Every structure is written in structure tokens, then in C-alpha cells.
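Q: Let me give you the structure first, and then I'll get to my questions.
Residue numbers (the numbering used here): 48 to 135.
What follows is the structure, encoded as C-alpha cells:
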């Protein structure tokens with residue numbers, strides 16, 4: 048995916064939404080998101096706390112919860128393609 052194009056599912060990448068908000072000086076810089084599991088299945092709820100761009104593309108530093116009998120709280124750098132904004 049190159050700059051500005053829509054993803055196949057028709058949604059803009061989360062980093063573009065955040066970048067526009069920052070350009071308009073809107074808060075919050077921290078943003079609720081959905082994190083796609085590498086194995087597929089339902090996405091996990093999360094919060095993007097920062098962004099970084101490197102030669103491989105955009106990554107968000109995300110805190111998210113993996114649900115289950117014993118839910119797990121994870122803090123990790125996640126590739127932008129695995130993140131999408133919470134809308135509504």
C-alpha cells in the first residue's frame with residue numbers, strides 16, 4: 048500500500064487518521080484501535096500510544112488485551128497494517 052491509497056477493505060490506515068488529527072491539532076494523540084491477530088480471528092481492543100516510521104513502514108506502539116480465561120495485557124510495536132481505528 049502506498050501513501051494515501053485506501054486499503055482493500057475500504058478503510059484508511061490508522062496512522063493516516065492520527066496524522067490528520069495532529070495536523071489539525073485535535074486531541075487525543077492516543078487513539079483507541081483494533082489490533083488484528085496474526086493468526087486471524089476477532090481483533091483485540093487496544094490503544095495506540097505513539098507512532099514510528101522506519102524503512103519497513105509505519106508501526107504503532109500499542110497496548111492491547113488478548114481475551115481468554117486469563118486475559119493478557121500486551122505492550123508492543125505493531126505494524127500499521129494490523130491496526131484499524133475504532134469508529135462510531
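Where a beta carbon is used, it is the ideal one built from N, C-alpha and C, also for glycine.
These figures come from a predicted structure and were not determined experimentally.
Could you check the C-alpha separation between residue 65 and residue 78 for me, to the nearest Å?
A: 8 Å
Q: Please classify residue 108: does DSSP put it in a helix, a strand, or coil?
A: Reduced to three states, the DSSP call for residue 108 is strand.
Q: For residue 70, count neighbouring C-beta atoms within 10 Å of its own C-beta (all shown protein chains included) and say buried if the count is 16 or more, exposed if not.
A: The residue is exposed, with fewer than 16 neighbouring Cβ atoms inside 10 Å.
Q: Please say whether residue 125 and residue 106 have beta carbons closer to each other than 8 Å?
A: yes
Q: Alpha carbons only, please: which of 103, 132, 89 is nearest the one belonging to residue 115?
A: 89
Q: Does the separation of the CB atoms of residue 96 and residue 130 fall below 8 Å?
A: no
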